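Single-structure report; data block below.
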Amino acid sequence: DILPAARPQLDALAAGIRLLPAAQAVRIEGHTDAAGSDRYNEQLSQKRAYSVKRYLVAMHGIDPERLHAVGLGEYAPLAGRDPYAASSAACSFAANEG
């Protein structure tokens, strides 16, 4: 499910997660473009986020309890991206406070 071109970025993300305090969680947000139905985009964005989570757990041994995968569909486009452009289909990450 993870494209080979995305693996180096996810490998770097895993290295960054390891530098965070053990109790700090990371939110993985799945996004889509605005093409397609709302329901389809919501499900697709959730699948993307969970694919990233599975990769980080399986390939890097990141504790799954630290990773919170959520799908935001087309309603939270990545900043500066056209919601109808294919480049809007991606995942973003944030270290949670606390």
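FYI, our numbering numbers position 11 of the sequence shown as 11, with every residue one higher than the one before it.
Glycine is no exception: its CB is placed at the ideal position from the N, C-alpha and C atoms.
These numbers were taken from a predicted model, which means no experiment stands behind them.
CA-CA distance, glycine 16 to glycine 73, rounds to 26 Å. Collapsing the DSSP output to three states places isoleucine 62 in coil. Annotation: the continuous beta strand (DSSP E) that includes leucine 67 extends over 67-71. If you draw a straight line from the Cα of leucine 20 to the Cα of valine 26, it comes to about 9 Å.
Looking at the backbone, the Cα of arginine 39 and that of glutamine 46 are separated by about 11 Å. Residue burial annotation: serine 51 is buried, with at least 16 other C-beta atoms found within 10 angstroms of its C-beta. Shortest Cα-Cα distance from glutamine 24 to any of Pro4, Pro64, Ala49 and Asp33 involves Pro64. Rounded to the nearest angstrom, the Cβ distance from alanine 58 to isoleucine 28 is 14 Å, too far for a contact under 8 Å.
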